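Structure record follows, encoded as structure tokens.
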Amino acid sequence: MDMTLTDDKKTIIVTMPIDLKRRGSRRQIIIPDGVKLPFSKPKQDEAMVRALARAFKWQKEIETGKVRSAKELASREKIDPAFMNKTIRLTQLAPDIVEAITEGRQPKSLALSDLMRGFSDEWPLQREALGFSFPHSS
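All letters in the sequence shown, in the order written, are residues -17 to 120 by the working numbering.
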């Protein structure tokens, strides 16, 4: 990273490699891993947090016998059973990924649609595919 400060105009120029990635109709700047920005605060993705909350709530209703199946639950909620199953699948994310998302520490490039497309059952592969850089447990 290069920084330039000019006294005459009081201008700071910061140069660093970036990637531009499309998220829907918006473009998003992606910085390299390991680069810390001094003023960035974690920001929760409300859609992801809501989807996780629903997933765990629905999974609990099935596990406790409140409903007999995801199909029954989908009927009650008036949603497509395939969507119900994709949402409940979010409960299979690694615990550290769930924690990072609820705390707003997910990769900026990660969107709910990425989670809903599916992911590996193996937690290390989830971390890699979804852009999390947590240390892998032995």
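Note that the Cβ used here is the ideal one computed from N, Cα and C, for glycine as well.
Note that the structure is predicted; figures quoted are calculated from it, not measured.
Close-in-space but distant-in-sequence residues of the same chain around residue i (CB under 7 Å, 5 per side omitted)
i, result
"A37", "T69, I70, L72 and T73"
"A111", "F101 and S102"
"P63", "A52, K53 and A56"
Range of the contiguous alpha helix (DSSP H) that encloses residue i
i, result
"Q10", "Q10 -> not in any alpha helix (DSSP H); beta strand (DSSP E) instead, spanning R8 to I12."
"Q41", "E28 to E45"
"S95", "L94 to M98"
"A64", "P63 to I70"
"D78", "P77 to T84"
"P24", "Careful: P24 lies outside any alpha helix (DSSP H) and carries neither H nor E."
Proximity winner among the options, relative to residue i (alpha-carbon distances)
i, options, result
"S91", "F114, M98 and E81", "F114"
"E85", "K60, V31 and W105", "V31"
"P(-1)", "I13, R9, A76 and R58", "I13"
"W105", "P89, R58, T(-7) and V80", "V80"
Backbone CA spacing between residue i and residue j [nearest angstrom]
i, j, result
"L94", "D27", "8 Å"
"D1", "I11", "6 Å"
"E45", "A82", "25 Å"
"R109", "K42", "24 Å"
"P77", "F65", "22 Å"
"A35", "R4", "26 Å"
"P89", "P24", "10 Å"
"G47", "R99", "28 Å"
"V125", "D15", "The structure shown does not extend to residue 125, since the chain spans only -17 to 120, so no value can be given for it."
Neighbourhood of residue i by C-beta distance below 8 Å, restricted to the same chain and skipping five residues each side
i, result
"L97", "M30, A33, L72, L75 and L112"
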